[in-house]
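Number of protein chains: 2
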Amino acid sequence: MLTKSSTELVRQQNSALVLASLRRHGPLAHTDISQHTGLASATVSAITADLERAEVLERREQQAAASRGRPRVIFGQRREAGYLIAVRISSDMVQYSLADYGGTLLDRFEEPRNHADVSTGPFAASFVAALERLVERSQIRRDDVLVVSISSKGLVDPASARLVWSPVFGAQQVDFAALLQPAWRAKILLSNETLLVAHAMASRMEKARVNDLHAVAALSLGHSIGLGIARFDHMGELSVTAPNFGHMLNSADGKLCRCGAQGCIEASAGFYGILRTAFEVPPDTIPAKFVPLAEMDKIALRARQGHRMSEYAFRQAGLALGQGLSRMVSLYETMPIAITGPGTRFFDLMQRGVEEGLAQSQQVRLFGAPPISIVPEEATLALEGHLARALAEMDHDIIAAKAAE
Amino acid sequence: MLTKSSTELVRQQNSALVLASLRRHGPLAHTDISQHTGLASATVSAITADLERAEVLERREQQAAASRGRPRVIFGQRREAGYLIAVRISSDMVQYSLADYGGTLLDRFEEPRNHADVSTGPFAASFVAALERLVERSQIRRDDVLVVSISSKGLVDPASARLVWSPVFGAQQVDFAALLQPAWRAKILLSNETLLVAHAMASRMEKARVNDLHAVAALSLGHSIGLGIARFDHMGELSVTAPNFGHMLNSADGKLCRCGAQGCIEASAGFYGILRTAFEVPPDTIPAKFVPLAEMDKIALRARQGHRMSEYAFRQAGLALGQGLSRMVSLYETMPIAITGPGTRFFDLMQRGVEEGLAQSQQVRLFGAPPISIVPEEATLALEGHLARALAEMDHDIIAAKAAE
DNA sequence: ACTTTTTTCTCGACAGTCGAGAAAATAAAT
DNA sequence: ATTTATTTTCTCGACTGTCGAGAAAAAAGT
């Protein structure tokens, strides 16, 4: 069902356009905004005046009058217009970051997590305390935090901001919105971490002016396997999703996954799956809760030295990934794939398996294998995704609020 | 990249809204249009006057003055505003239909196809001739045909209207746009047939006011396996795709598919796959080009009488379908699935396999199995989809043309 | 003939975009 | 020091669109 349009919505859309172009290109002058957005000069004047009045934009001093003529007036986001907190929850630590409306990082700290402790109660308490600490240290009023963006591995219900299933807490759901509900007026966003990576990759490619790009996928390799898909819809808007890739059925081979099912991709390609195969543990053994990276490095070393079973384990992991990706491109479309996460350092051992798995579908035989790139800095990308998503949300909310009155 | 908005676009969007509501609810009076679209009465007046001037809408006589007060003026699409031709290409025949802008069927005929003949040359000739015959019989000017909507099983490139891979022509591509290019000014649409079924199912559910429906999938069972996914995006617009489901990797079991790969879903669940298993033919045997439905009925009869291998063949087909669907819902989301096609009559034999396959993923264990309904009349649905898609396209084009001048 | 009722049509107010040209502000030239 | 050239921002009027309110139209009831 389409919705009706009105002149007010036009202004909203065009305001969003101005803010978005400022996000992409940094502070800009009137003329540049007009150029980038395609809006008439008069329109840009009206919109910037509006946003200035709302204390969202501010005029920046320009460095030197480069050319002659009337000096440009540079507009930029007013940094103090709002703040965001990004929280990355991983199995061994939680990282808290504070950034302002301009997207500059103000503060950050990490808290170690005890992987043995899977109860949500203590976690919730330390979570709330950490947020409190963050605003206090930076002398920011709690109500100026407009967005709290949280990410975790696992399955997320984006609508309700609830963690449906995570490697950290299992099926114990955590309702983050409820945790912060009365005290914080910030909007709570909860995303799968690899979704954010995909978002960041899409933003990067957009900035790099990669044209005729419809979609990008991000694949995260680690203890668990995550997939994020970012696609530009027919309106040119980006929509990202994090399908349940790691626990998609790979093959009914009886390999027990920590989710309780058998034959998930993760049961073959997650760290614990690789370890199990390498050590010839029966495939229905209950998976290890956590595999230290050093342990994986040892297996990789042996594989590189020619140890058959270790080699085979990585090869099987690659095969499962390749088959899963071949299914993904069959069900979506052929798109570039960026592989991130700690597992990338073993990719040489998996590559042939991946290629073999990919080749097993008509889609790949017809359109070729998707281009695969390795992007190890997962943490950087995830934070980049947090910022991109949260700032876009803030822009959107600010404009909507301005329209409401 | 967002695009700029303007007052003219507002009118375009709202005009589209009016036409869409007329499509959904049939001819309507001024008041009803205002009600359904949410537009102000004055706006509806302006838009209908516009469309009347463009000879797109016409006033209909109302039957009896039901209530007192000023009689209503009923607006409806002017049937003669344009025509569309729908062409359904299947392995054994080609069906040509002609309909007017109001969506009423004017003419239809079928031409048998020789499945042995896979050359595209004779087909192209008879295709063009049939279209010619259709407009001639109905006394319609060729240039009044605004859309030719073609469907086939197989893989389609929606952008270029080219058949990339089809069970009928294999990898021989047919460029329909080129066939009709100089003589016909109509826009050529090419869709996968199951995509149209999914579109029709989505339209039906929309009409039946099924709320909070995000998506629906259609699965077509027959000699080949097709899947269509219809989803409502965040703007409420419907976007349908036909992924390469039938030739997605099911399991590396070596079953040869007619696409040349091994282990496709179709190699287990297509008619030829079922036949091969039932007759205990080696799985790497080159598949039969065409399996008559009567042959399948015989196998089904034996299966129902307890013949082990026939039973097993259907069970395996169901398993492959269930596993494929479990992967589909893992990569998209849990959504209702409508099963169509000649294969539905054997669904009782496959059902347990489907359920078993579906259960093998975390997605299903967390959110339950997707609701499955059987809708045998595939041909009706496909034509319904053709009309829905072609008429929407015509509405869109008419409005765009009016805006251009 | 008059009233009631229902629906369509019209008018003025308001919001937004756009193009053109005025105004501003600076560097270079005289 | 003043003038000129240049570049950018700002402002004005025209145009397109939506909306609410009330006028006008057209029938049935009294």
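In order, the protein sequences belong to chains A and B.
Under this note's numbering, the first sequence has 1 at position 1, and the numbering climbs by one with no breaks.
Under this note's numbering, the second sequence has 1335 at position 335, and the numbering climbs by one with no breaks.
Cβ coordinates follow ideal geometry from the N, Cα and C atoms, glycine included.
In this text the structure is predicted, and so the values were computed from the model without any measurement.
Closer than 8 Å to chain A by CB, residue i
{"i": "residue 1370 of chain B", "result": "no"}
{"i": "residue 1395 of chain B", "result": "no"}
{"i": "residue 1205 of chain B", "result": "no"}
{"i": "residue 1323 of chain B", "result": "yes"}
{"i": "residue 1363 of chain B", "result": "yes"}
{"i": "residue 1252 of chain B", "result": "yes"}
Chain A contact residues for residue i, given Cβ-Cβ distances below 7 Å
{"i": "residue 1014 of chain B", "result": "4, 5"}
{"i": "residue 1020 of chain B", "result": "2"}
Neighbour flag for residue i against chain B, beta carbons, 8 Å
{"i": "residue 360 of chain A", "result": "yes"}
{"i": "residue 245 of chain A", "result": "yes"}
{"i": "residue 28 of chain A", "result": "no"}
Inter-residue Cα distance where the pair is residue i and residue j
{"i": "residue 1364 of chain B", "j": "residue 1350 of chain B", "result": "18 Å"}
{"i": "residue 1282 of chain B", "j": "residue 1272 of chain B", "result": "12 Å"}
{"i": "residue 1291 of chain B", "j": "residue 1310 of chain B", "result": "15 Å"}
{"i": "residue 1005 of chain B", "j": "residue 391 of chain A", "result": "22 Å"}
{"i": "residue 197 of chain A", "j": "residue 106 of chain A", "result": "21 Å"}
{"i": "residue 1080 of chain B", "j": "residue 1389 of chain B", "result": "18 Å"}
{"i": "residue 1120 of chain B", "j": "residue 1109 of chain B", "result": "21 Å"}
{"i": "residue 93 of chain A", "j": "residue 87 of chain A", "result": "10 Å"}
{"i": "residue 1381 of chain B", "j": "residue 1201 of chain B", "result": "7 Å"}
{"i": "residue 1034 of chain B", "j": "residue 1387 of chain B", "result": "25 Å"}
{"i": "residue 1234 of chain B", "j": "residue 1359 of chain B", "result": "29 Å"}
{"i": "residue 1367 of chain B", "j": "residue 139 of chain A", "result": "43 Å"}
{"i": "residue 1252 of chain B", "j": "residue 285 of chain A", "result": "24 Å"}
{"i": "residue 1059 of chain B", "j": "residue 1043 of chain B", "result": "18 Å"}
{"i": "residue 147 of chain A", "j": "residue 1278 of chain B", "result": "59 Å"}
{"i": "residue 1353 of chain B", "j": "residue 1322 of chain B", "result": "7 Å"}
{"i": "residue 1371 of chain B", "j": "residue 1355 of chain B", "result": "11 Å"}
{"i": "residue 1276 of chain B", "j": "residue 1256 of chain B", "result": "10 Å"}
{"i": "residue 327 of chain A", "j": "residue 383 of chain A", "result": "29 Å"}
{"i": "residue 78 of chain A", "j": "residue 199 of chain A", "result": "24 Å"}
{"i": "residue 1300 of chain B", "j": "residue 1224 of chain B", "result": "17 Å"}
{"i": "residue 248 of chain A", "j": "residue 1265 of chain B", "result": "16 Å"}
{"i": "residue 156 of chain A", "j": "residue 191 of chain A", "result": "6 Å"}
{"i": "residue 1054 of chain B", "j": "residue 1219 of chain B", "result": "40 Å"}
Chain-ordered neighbours of residue i on chain B, where CB pairs are closer than 8 Å
{"i": "residue 239 of chain A", "result": "1233, 1234"}
{"i": "residue 10 of chain A", "result": "1005, 1006, 1007, 1009, 1010"}
Per-residue contacts from residue i into chain B (C-beta, under 7 Å)
{"i": "residue 104 of chain A", "result": "Correct list: empty, because the minimum Cβ distance to chain B is about 24 Å."}
{"i": "residue 248 of chain A", "result": "1327, 1330, 1331, 1361"}
Within chain A, the residues that residue i reaches when beta carbons sit closer than 8 Å
{"i": "residue 1261 of chain B", "result": "360, 361, 362, 365"}
Within chain A, partners of residue i - CB distance below 9 Å
{"i": "residue 1164 of chain B", "result": "366, 367"}
Would the stretch 1375 to 1386 of chain B count as touching the stretch 1119 to 1128 of chain B if we require 3 or more Cβ pairs under 8 Å? The answer is no - the stretch 1119 to 1128 of chain B does not touch the stretch 1375 to 1386 of chain B, with fewer than three Cβ pairs under 8 Å.
Residues of the stretch 1075 to 1099 of chain B whose Cβ lies closer than 8 Å to any Cβ of chain A, in chain order: Cβ contacts with chain A: none found.
Selection of the stretch 1327 to 1356 of chain B by Cβ proximity to chain A, strictly under 9 Å: Of all residues in the stretch 1327 to 1356 of chain B, 1327, 1328, 1329, 1330, 1331, 1332, 1333 have a Cβ within less than 9 Å of some Cβ in chain A.
Along the stretch 35 to 53 of chain A, where does the CB come closer than 8 Å to a CB of chain B? Name the residues. Cβ contacts with chain B: 37, 38, 39.
Evaluate the contact criterion for the stretch 208 to 224 of chain A versus the stretch 1006 to 1021 of chain B: three or more CB pairs, one atom per stretch, below 8 Å. Short answer: they don't touch.
Three-pair Cβ contact test at 8 Å for the stretch 219 to 230 of chain A versus the stretch 317 to 332 of chain A: Between the stretch 219 to 230 of chain A and the stretch 317 to 332 of chain A there are three or more C-beta pairs closer than 8 Å, enough to call the two in contact.
Please determine if the stretch 1343 to 1357 of chain B and the stretch 254 to 262 of chain A are in contact, where contact requires at least 3 C-beta pairs separated by less than 8 Å. Result no; under three Cβ-Cβ pairs closer than 8 Å.
Stretch-stretch touch, CB-based, cutoff 8 Å, three pairs: the stretch 1305 to 1322 of chain B with the stretch 1171 to 1185 of chain B: No, because fewer than three Cβ pairs between the stretch 1305 to 1322 of chain B and the stretch 1171 to 1185 of chain B fall closer than 8 Å, the two stretches do not touch.
Check whether the stretch 1147 to 1160 of chain B touches the stretch 1098 to 1105 of chain B, taking contact to mean three or more Cβ pairs, one atom from each stretch, closer than 8 Å. No: the two stretches stay apart, fewer than three of their Cβ pairs being nearer than 8 Å.
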